[in-house]
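What follows is a short report on a single structure.
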Amino acid sequence: MTLLDADLPTAAAIWSLWQRGVVDSRSPMRLPVVGTVGVDGLPELRTVVLRSAQLDTRQLVLHSDIRAAKVSAIKQRPSLAWHFWNPRHRLQLRASGPARLHLSGPILDTAWARLSDHQKRTYAATAPPASTLEEAGDGLPPLQQAESGRANFCVVAGTINHIDVLQLRRGGHRRCLLSWSEDRWSAQWVVP
Ligand SMILES: Cc1cc2nc3c(=O)[nH]c(=O)nc-3n(C[C@H](O)[C@H](O)[C@H](O)COP(=O)(O)O)c2cc1C
């Protein structure tokens, strides 16, 4: 697959790669690295699972524990940067824009209802993420208590306004910037 050939890529072509990541656990688009500015002002990165990608709302979505550092960071500075790397196609996508936390409401309800009990249980630790443990362990309760994780679960939606696409190619690398402004996407080739 060559995203960056003679023609500039469309936002639709990029979202279709992300949508593949949502449904295909083997897709490299499945596990982006997401960046925030921490409450201490320092940059923070972590791997997440891409849960949804919608072109019409320009959104990428992840799930988190509300007690996680990334949620505190987003409350203070509500924006996200996303990094994707497809080694087979030697394609890097970087995207960014404002972020919104869903702590209640229908989006949260639907996302929670779709989780398996094993997934729900990952939010059910009584101690917050990064709490100290006396010995090695995951701090999680038995599977029967998975539903209690609901109180700690949240959905994080990032709206994408900028996309930086870089494709490494033997015949010459290609890079282009897509920007959302005045209700439309514009794309521009740039020096890689
Ligand atoms: C493959 C993989 C997938 C992960 N998926 C998620 C995820 O979807 N949501 C999440 O909050 N953390 C996920 N994590 C854990 C985060 O990388 C991170 O360790 C955790 O969220 C705490 O980050 P924070 O303290 O910056 O909030 C994942 C980790 C790995 C290795």
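Those letters in the sequence shown? Residues 1 to 192, by my numbering. We put the CB at the ideal spot given by N, CA and C, even for glycine.
C-alpha gap between residue i and residue j, whole angstroms
i: LEU140; j: ARG121; result: 7 Å
i: LEU42; j: ALA81; result: 14 Å
i: GLN144; j: ILE66; result: 21 Å
i: PRO129; j: TYR123; result: 9 Å
i: PRO192; j: ASP5; result: 14 Å
i: THR57; j: GLY158; result: 10 Å
i: LEU166; j: TRP189; result: 10 Å
i: ARG204; j: ILE160; result: Nothing about residue 204 can be reported from this structure: the residues present for the chain run from 1 to 192 only.
i: ALA183; j: ARG114; result: According to the sequence provided, residue 183 is Asp. The question's Ala does not apply to it. Answer to the nearest angstrom: the Cα atoms are 32 Å apart.
i: GLN19; j: ASP109; result: 21 Å
i: SER104; j: GLY172; result: 48 Å
i: LEU168; j: THR126; result: 45 Å
i: ASN152; j: ARG77; result: 20 Å
i: LEU31; j: ASP40; result: 26 Å
i: GLY97; j: LEU3; result: 22 Å
i: TRP112; j: GLN59; result: 18 Å
i: ASP138; j: ARG150; result: 18 Å
i: HIS23; j: SER131; result: With the sequence shown as reference, residue 23 is identified as Val, and His is not the correct amino acid for it. Taking the straight line joining both Cα atoms gives about 32 Å.
i: GLU44; j: ALA68; result: 12 Å
Status (buried if at least 16 other CB within 10 Å, exposed otherwise) for residue i
i: ARG174; result: buried
i: ALA95; result: buried
i: VAL48; result: buried
i: LEU50; result: buried
Chain-order list of residues whose beta-carbon lies under 6 Å from that of residue i (same chain, five-residue window excluded)
i: PRO28; result: ASN86
Cβ shell of residue i (< 8 Å), same chain only, five flanking positions each side left out
i: ARG46; result: VAL33, VAL34 and LYS70
i: SER148; result: ALA124 and PRO141
i: VAL156; result: VAL61, LEU62, HIS63, SER64, LYS70, VAL71, ILE74, LEU80, ALA99, ARG100, LEU101 and HIS102
Cβ-based neighbour list, residue i, same chain, cut-off 7 Å, excluding 5 preceding and 5 following
i: TRP15; result: ALA53 and LEU55
i: LEU17; result: MET29
i: ASP117; result: LEU143 and ALA146
i: LEU93; result: ILE14, PHE84, ILE163 and VAL165
Ligand 3 heavy atom lying under 7 Å from the CB of residue i
i: PRO129; result: Although ligand 3 was asked about, the structure shown includes only ligand 1 as ligands.
Per DSSP, the bridge partner or partners of residue i
i: ILE163; result: ALA95 and LEU178
i: ASN86; result: LEU91
i: THR47; result: VAL33
i: ALA125; result: ALA125 pairs with nothing; no bridge assigned.
i: GLN54; result: GLN59
Indicate whether the contact test is met: 3 or more Cβ pairs, each with one atom in the region 177–188 and one in the region 4–19, closer than 8 Å.
For the pair of segments examined, the region 177–188 was found to touch the region 4–19: the number of CB pairs separated by less than 8 Å reaches three.
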